[in-house]
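K.L.:
Got a structure for you, questions after.
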Amino acid sequence: MENVLFVLNIVGIVAFAISGAMKGMKYSLDILGVVVLGILTALGGGMVRDVLLNQVPMALLHENDLGYAIVASVMTYFFGKRIQNVTSWVRYFDALGLAVFTVVGAEKGIQASLGILGVVIMGTSTGVVGGMLRDILVSEIPSVLKEEIYASFCIVGSMMYYFLFRFGVSHLVTLLVVVCFIFVGRVLAIRYDWHLPRRSL
Amino acid sequence: MENVLFVLNIVGIVAFAISGAMKGMKYSLDILGVVVLGILTALGGGMVRDVLLNQVPMALLHENDLGYAIVASVMTYFFGKRIQNVTSWVRYFDALGLAVFTVVGAEKGIQASLGILGVVIMGTSTGVVGGMLRDILVSEIPSVLKEEIYASFCIVGSMMYYFLFRFGVSHLVTLLVVVCFIFVGRVLAIRYDWHLPRRSL
Amino acid sequence: MENVLFVLNIVGIVAFAISGAMKGMKYSLDILGVVVLGILTALGGGMVRDVLLNQVPMALLHENDLGYAIVASVMTYFFGKRIQNVTSWVRYFDALGLAVFTVVGAEKGIQASLGILGVVIMGTSTGVVGGMLRDILVSEIPSVLKEEIYASFCIVGSMMYYFLFRFGVSHLVTLLVVVCFIFVGRVLAIRYDWHLPRRSL
Numbered sequence: 001m002e003n004v005l006f007v008l009n010i011v012g013i014v015a016f017a018i019s020g021a022m023k024g025m026k027y028s029l030d031i032l033g034v035v036v037l038g039i040l041t042a043l044g045g046g047m048v049r050d051v052l053l054n055q056v057p058m059a060l061l062h063e064n065d066l067g068y069a070i071v072a073s074v075m076t077y078f079f080g081k082r083i084q085n086v087t088s089w090v091r092y093f094d095a096l097g098l099a100v101f102t103v104v105g106a107e108k109g110i111q112a113s114l115g116i117l118g119v120v121i122m123g124t125s126t127g128v129v130g131g132m133l134r135d136i137l138v139s140e141i142p143s144v145l146k147e148e149i150y151a152s153f154c155i156v157g158s159m160m161y162y163f164l165f166r167f168g169v170s171h172l173v174t175l176l177v178v179v180c181f182i183f184v185g186r187v188l189a190i191r192y193d194w195h196l197p198r199r200s201l
Numbered sequence: 001m002e003n004v005l006f007v008l009n010i011v012g013i014v015a016f017a018i019s020g021a022m023k024g025m026k027y028s029l030d031i032l033g034v035v036v037l038g039i040l041t042a043l044g045g046g047m048v049r050d051v052l053l054n055q056v057p058m059a060l061l062h063e064n065d066l067g068y069a070i071v072a073s074v075m076t077y078f079f080g081k082r083i084q085n086v087t088s089w090v091r092y093f094d095a096l097g098l099a100v101f102t103v104v105g106a107e108k109g110i111q112a113s114l115g116i117l118g119v120v121i122m123g124t125s126t127g128v129v130g131g132m133l134r135d136i137l138v139s140e141i142p143s144v145l146k147e148e149i150y151a152s153f154c155i156v157g158s159m160m161y162y163f164l165f166r167f168g169v170s171h172l173v174t175l176l177v178v179v180c181f182i183f184v185g186r187v188l189a190i191r192y193d194w195h196l197p198r199r200s201l
Numbered sequence: 001m002e003n004v005l006f007v008l009n010i011v012g013i014v015a016f017a018i019s020g021a022m023k024g025m026k027y028s029l030d031i032l033g034v035v036v037l038g039i040l041t042a043l044g045g046g047m048v049r050d051v052l053l054n055q056v057p058m059a060l061l062h063e064n065d066l067g068y069a070i071v072a073s074v075m076t077y078f079f080g081k082r083i084q085n086v087t088s089w090v091r092y093f094d095a096l097g098l099a100v101f102t103v104v105g106a107e108k109g110i111q112a113s114l115g116i117l118g119v120v121i122m123g124t125s126t127g128v129v130g131g132m133l134r135d136i137l138v139s140e141i142p143s144v145l146k147e148e149i150y151a152s153f154c155i156v157g158s159m160m161y162y163f164l165f166r167f168g169v170s171h172l173v174t175l176l177v178v179v180c181f182i183f184v185g186r187v188l189a190i191r192y193d194w195h196l197p198r199r200s201l
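Protein chains in written order, with our numbering: chain Z, 1 to 201; chain E, 1 to 201; chain Y, 1 to 201.
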């Protein structure tokens, strides 16, 4: 299971980095800007989580993740147009990344003895803050606050993780259930164009 | 006195969360975006302060504050139009929150043995950074940098707190004086439309 | 050499604060907004670096730097138009600041036993994050991501610092080589209008 998580984590980093790099190219950033957006989208959520938990970010201590994000961003810069043709694939990777990042964040929150709201914030931040930083850097309102529903799956998934842990369900089952829930939710939301309600003033 | 601070802190969280949630609704964010803006406006200042002081944010360890912010934001989402009719009330709560948050931040700065500039930054950040995050997330230039004078009261209030503490004035008197100063200043600034000077290039 | 670094650090803070304050005036911020932008431009990079390394920011513990940033920002507010006439001078100070900040950041990364990518991120963040915060606060896309090449010199300079350190080159020589490299690179980039490549989607 550790190995599966390990691989899924890399898949998630690559998918998130591609999404950040593509956004950078959309705004005509230079190659460095594209790579910075890729890195922050892929690793920014985990970095903010670790800073909040008063730890030096994993990404600085174990540099492999930084390497994957940089390589994925540079590849996107050079082959961006071709990647556009496979975005339906990237979308699945992205959903996997979201699921894994959330689970990793929720687990860290539990290890830090946080309560349920704290665990939800850790899990959800790890999943969505990278994308928020990406949008803020190009002066967009983060799409996750406006039209995207996927943070809801991170929230519910983190709660599930918290309760399954509390009820003593085995680690493996907990992981599988939550990762599947977030992945399937995210894919269905895109497929059927689900949104959260809005009300204006 | 502890009890008064305790209650004022909740009042401040609720008022700040309402202001964040209303801003989110103004920009047609979905319900999750409204709640995220409410949470960050109410608790973002304290979180940044704690991170700068190398501590795990209070909001993650003692979850009640998160709960108040979430409830206030959700209520704003559902009853936002009616809240608009009582904004003059919200404004007073907001001024109270600003005063209490600043005092809590300045106190933390003093406990961390910071000098006067450090104490001012801790007090002022706790009071105003939440509102800055709110504005940044909707791609506005933070109003506190542009047209609002209230950070000035946080700055002067933090200095007063520092000197009263240094001169050995009792904790209770210090608290009362500084909270009243910031509260009254903020209310008068709105009443008489005070602004800081500007110069353009 | 310590003394030279000490002086160059102040030069850098002043130059960065001026650049932040001028940007604030361009957007008609009030005097407080101008000072906040000055402080964050000058000290934001170092603060983010220290937070990532799980340390209380130097700027809060040793307040002199805060003082320089505040004075430089206030002076810019009052004499901004005259400073515009000497921007070619400010530009050289700015290049010196970039070089010194990067070296200080890379050194901190090495002290924290980071690997080469971590050292590059520490050095480069210290040099460029202040300017990014400045741009984000006025809702601009950070120029360093879009059209400015100078972060590249920070990246290469941080790598040089890492390798010279690893190869046991004396501290003094390492400092001189890297500071000169970044300074000269930055000045030539402005002189000959160098840019990084861009590709749009």
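No residue lacks a Cβ here, since even glycine has one placed at the ideal position from N, Cα and C.
Note that the structure is predicted; figures quoted are calculated from it, not measured.
Whole angstroms are fine: how far does the CA of Asn3/Z sit from the CA of Gly202/Y?
P.N.:
Chain Y is shown from 1 up to 201; residue 202/Y falls before or after that span and cannot be answered.
K.L.:
Buried or exposed, going by whether 16 or more other CB atoms sit within 10 Å of the CB of Asn85/E?
P.N.:
Taking the first residue of the second sequence as 1, we reach residue 85/E at position 85. Burial call: exposed.
K.L.:
Decide if the region 57 to 67 of chain Z is in contact with the region 21 to 35 of chain Z; the criterion is three or more beta carbon pairs, one per stretch, under 8 Å apart.
P.N.:
Result no; under three Cβ-Cβ pairs closer than 8 Å.
K.L.:
According to DSSP, what are the bridge partners of Met198/E?
P.N.:
To locate residue 198/E, count along the second sequence from 1; it is residue 198. A small fix is needed here, since residue 198/E is Arg in this sequence, not Met. DSSP output for Arg198/E lists Asp30/Y as bridge partner(s).
K.L.:
Report the CB separation of Asp94/Y from Ala42/Y in whole angstroms; it is logged as a contact under 8 Å.
P.N.:
Translated into the one-based positions of the third sequence, residue 94/Y becomes position 94. Translated into the one-based positions of the third sequence, residue 42/Y becomes position 42. About 11 Å; that fails the 8 Å criterion.
K.L.:
Can you list, in chain order, the residues of the region 43 to 60 of chain Y whose Cβ is nearer than 9 Å to any Cβ on chain C?
P.N.:
The structure shown contains no chain C; its protein chains are Z, E and Y.
K.L.:
Once you ignore the five residues that flank Ser152/Y on each side, which residues in its own chain have a CB closer than 7 Å to its CB?
P.N.:
Taking the third sequence and counting its residues from 1, one reaches residue 152/Y at position 152. If we look at Ser152/Y and ignore the five residues flanking it on each side, its Cβ neighbours are Leu196.
K.L.:
Which residues in the same chain have their Cβ closer than 7 Å to the Cβ of Ile116/Z, if we skip the five residues on either side of it in sequence?
P.N.:
In the first sequence, residue 116/Z corresponds to position 116, counting from 1. Counting only Cβ-Cβ distances below 7 Å, and skipping sequence neighbours, we find Met159, Tyr162.
K.L.:
Helix, strand or coil for Asn202/E? Go by DSSP, reduced to three states.
P.N.:
A question about residue 202/E goes unanswered here, because the residues of chain E that appear run from 1 up to 201.
K.L.:
For Glu125/Z, would you say it is in contact with chain E, using Cβ-to-Cβ distances shorter than 8 Å as the test?
P.N.:
The sequence position of residue 125/Z within the first sequence is 125, counting from 1. Before going further, note that residue 125/Z is Ser rather than Glu in the sequence given. Judged by the 8 Å Cβ criterion, Ser125/Z is not in contact with chain E.
K.L.:
Say whether chain Z places a C-beta atom closer than 8 Å to the C-beta of Ile121/Y.
P.N.:
Mapped onto the third sequence, residue 121/Y falls at position 121. Closer than 8 Å to some Cβ of chain Z, the Cβ of Ile121/Y qualifies, so yes.
K.L.:
So is Val104/Z buried or exposed if we call it buried at 16+ other beta carbons inside 10 Å?
P.N.:
Mapped onto the first sequence, residue 104/Z falls at position 104. Buried, by the Cβ-count rule.
K.L.:
Output, in chain order, the set of chain E residues within a Cβ distance shorter than 7 Å of Ala151/Z.
P.N.:
Taking the first residue of the first sequence as 1, we reach residue 151/Z at position 151. Leu32, listed in chain order.
K.L.:
Does any residue of chain E have a CB that is nearer than 8 Å to the CB of Lys146/Z?
P.N.:
For the purposes of this step, residue 146/Z is taken as residue 146 along the first sequence, with counting starting at 1. For Lys146/Z, the answer is yes, since a Cβ of chain E falls inside 8 Å of its Cβ.
K.L.:
Could you give the C-beta distance for Gly46/Z and Phe101/Z, rounded to a whole number, given that I count them as a contact under 8 Å?
P.N.:
Indexing the first sequence from 1 puts residue 46/Z at position 46. Indexing the first sequence from 1 puts residue 101/Z at position 101. About 7 Å; that satisfies the 8 Å criterion.
K.L.:
Is Ala99/E near Phe165/E, with beta carbons less than 8 Å apart?
P.N.:
The count along the second sequence starts at 1 and reaches residue 99/E at position 99. The count along the second sequence starts at 1 and reaches residue 165/E at position 165. It is not a contact, given that the beta carbons lie outside the stated cut-off.
K.L.:
Measure how close the beta-carbons of Arg134/Y and Leu40/Y come, nearest whole angstrom, since I'm counting them as under 8 Å.
P.N.:
For the purposes of this step, residue 134/Y is identified with residue 134 of the third sequence, where counting begins at 1. For the purposes of this step, residue 40/Y is identified with residue 40 of the third sequence, where counting begins at 1. Arg134/Y to Leu40/Y, Cβ: 6 Å. Contact.
K.L.:
Are Val144/Z and Val119/Z closer than 8 Å when you measure CB to CB?
P.N.:
Counted from its first residue, the first sequence places residue 144/Z at position 144. Counted from its first residue, the first sequence places residue 119/Z at position 119. Result no, Cβ atoms of Val144/Z and Val119/Z do not sit closer than 8 Å.
K.L.:
So, are the CB atoms of Tyr77/E and Ile18/E less than 8 Å apart?
P.N.:
Here residue 77/E refers to the residue found at position 77 of the second sequence. Here residue 18/E refers to the residue found at position 18 of the second sequence. Contact flag unset, no.
K.L.:
What residues from chain Y crowd round Ser158/E, counting only those whose CB sits closer than 7 Å?
P.N.:
Reading the second sequence from its first residue, position 158 is the one you call residue 158/E. Near Ser158/E there are no residues of chain Y at all, since even the closest Cβ is about 13 Å away, more than 7 Å.
K.L.:
When you compare only the Cα positions, how much space is there between Val187/E and Arg49/Z?
P.N.:
Along the second sequence, read from residue 1 onward, the residue named residue 187/E stands at position 187. Along the first sequence, read from residue 1 onward, the residue named residue 49/Z stands at position 49. C-alpha separation (whole angstroms): 37 Å.
K.L.:
Which residue marks the beginning of the alpha helix (DSSP H) containing Phe167/E, and which one marks its end?
P.N.:
Working through the second sequence from its first residue, we reach residue 167/E at position 167. Segment: none, Phe167/E is in no alpha helix (DSSP H) and carries neither H nor E.
K.L.:
Using a 10 Å radius around the Cβ and a threshold of 16 neighbouring Cβ atoms, would you call Cys180/E buried or exposed?
P.N.:
Here residue 180/E refers to the residue found at position 180 when the second sequence is read from its first residue. Classification for Cys180/E: exposed.
K.L.:
Which class does Asn54/Y belong to by DSSP, given the choice of helix, strand or coil?
P.N.:
By one-based count along the third sequence, residue 54/Y stands at place 54. Note: Asn54/Y maps to coil in three-state DSSP.
K.L.:
Does the distance from the C-beta atom of Val51/E to that of Val90/Z stay below 8 Å?
P.N.:
Taking the first residue of the second sequence as 1, we reach residue 51/E at position 51. Taking the first residue of the first sequence as 1, we reach residue 90/Z at position 90. It is not a contact, given that the beta carbons lie outside the stated cut-off.
K.L.:
For the alpha helix (DSSP H) holding Gly115/E, just list the boundary residues, first then last.
P.N.:
Indexing the second sequence from 1 puts residue 115/E at position 115. Counting along the chain, Gly115/E falls outside any alpha helix (DSSP H), and DSSP gives it neither H nor E.
K.L.:
I need the DSSP call for Val104/Y, collapsed to helix, strand or coil.
P.N.:
Against the third sequence, residue 104/Y aligns to sequence position 104. Helix, per DSSP.
K.L.:
Does Gly115/Y come within less than 8 Å of chain Z when only Cβ atoms are used?
P.N.:
Reading the third sequence from its first residue, position 115 is the one you call residue 115/Y. It does: the Cβ of Gly115/Y has a partner Cβ on chain Z nearer than 8 Å.
K.L.:
Closer than 9 Å by beta-carbon distance: list the chain Y residues that pair up with Glu140/E, in chain order.
P.N.:
Here residue 140/E refers to the residue found at position 140 of the second sequence. By Cβ distance, chain Y contributes Ser139.
K.L.:
Rounded to whole angstroms, what's the CA-CA distance from Leu53/Z to Met132/Y? Just pull it up for me.
P.N.:
Here residue 53/Z is taken as the residue at index 53 of the first sequence, counted from 1. Here residue 132/Y is taken as the residue at index 132 of the third sequence, counted from 1. Straight-line Cα distance between these residues: approximately 24 Å.
K.L.:
Where do the ends of the alpha helix (DSSP H) carrying Ser143/Y lie?
P.N.:
Residue mapping note: residue 143/Y aligns to position 143 of the third sequence, counting from 1. First-last of the alpha helix (DSSP H) with Ser143/Y: 143 to 146.
K.L.:
Check the Cβ of Gly210/E against every Cβ in chain Y and list those closer than 8 Å, keeping chain order.
P.N.:
With chain E covering only 1 through 201, there is no way to say anything about residue 210/E.
K.L.:
With 8 Å set as the bound, which would you pick, yes or no: does the beta-carbon of Leu164/Z sit closer than that to a beta-carbon of chain Y?
P.N.:
To locate residue 164/Z, count along the first sequence from 1; it is residue 164. Closer than 8 Å: no.
K.L.:
Compute the distance between the beta-carbons of Ile136/Z and Ile136/E, then report whether it is under 8 Å.
P.N.:
As a first step, residue 136/Z is located in the first sequence; it is residue number 136 there, counting from the start. As a first step, residue 136/E is located in the second sequence; it is residue number 136 there, counting from the start. Yes, the pair counts as a contact, with Cβ atoms nearer than the cut-off.
K.L.:
Mind checking whether Ser28/E and Ser200/Z have CB atoms under 8 Å apart?
P.N.:
One-based indexing of the second sequence puts residue 28/E at position 28. One-based indexing of the first sequence puts residue 200/Z at position 200. Cβ atoms of Ser28/E and Ser200/Z: closer than 8 Å.
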